[in-house]
Amino acid sequence: MNGHVSDTGSPARAHSRLRLLLLDLARRWPGRAHGGQFSTPAGPPRREHHPRSGRSAGRRYKYKYRALVTPVPRPDDDPEAALPGPVCRVVVRARHPETHRSKLFSALVTSDDDLQPGKPRMVTVVVLGGDADDYLAPGEHFALLRGCDVARGTVTSRVFV
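Our numbering applies: residue 0 is where the sequence shown begins, and numbers increase by one.
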């Protein structure tokens, strides 16, 4: 274009082109539009940026850890308060080392041998969550939950796959 405005033809055509450009701009504008309602930008959806860790908020991350876990003694009449087999789904409660806030993560625990109350065993824990690595680092303590605390553990290492 070299700094020149292209010939738009008639004033009606210029007005129509300007109106289309303004509508497109309004659709793409990240602020509020249309009476205070939030308008989304045109095009493919963008993922929200997580400012602290450089991760996207829309994606689920999986982290794999090896941990030393000790099942807690439980009443015999409570079948839910046990790790039922070599592979089971649990909730991990972990505490952030700096803020000391607790957070719950969905997880899958696998073990090679039977977990007996009071006897520590090595297990593999696969945790879902974008910030699980902030809460679960080697040496950090956590609890496994299935309605109540069923085991306590310490992360020994992270497994990179």
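All C-beta atoms, glycine included, are put in the ideal place defined by N, C-alpha and C.
Per DSSP, residue 111 lies in no beta strand (DSSP E) and is assigned neither H nor E. The three-state reading of DSSP puts residue 19 in helix, counting H, G and I together. Shown here for residue 71: same chain residues with a beta carbon closer than 7 Å to its own, the five before and five after excluded, namely 116, 148, 149, 150 and 151 in chain order.
Look at residue 130 here: in three-state DSSP terms it is coil, with no helix or strand label. Listed in chain order, the non-local C-beta contacts of residue 119 below 8 Å within the same chain comprise 67, 68 and 69, local neighbours out to five positions each way being set aside. Residue 122 holds the alpha-carbon nearest to the alpha-carbon of residue 108 among 122, 127, 132 and 135. With 16 or more other Cβ atoms from the protein chains shown falling within 10 Å of its own Cβ, residue 135 counts as buried. At the C-beta level, residue 86 and residue 145 stay beyond 8 Å of one another. The C-beta of residue 124 has 16 or more other C-beta atoms within 10 Å across all chains shown, which makes the residue buried. Per DSSP, residue 14 has no beta-bridge partner at all. With a cutoff of 8 Å on beta-carbon distance, residue 82 and residue 127 are scored as not near each other. DSSP places residue 63 inside the beta strand (DSSP E), whose first and last residues are 61 to 70.
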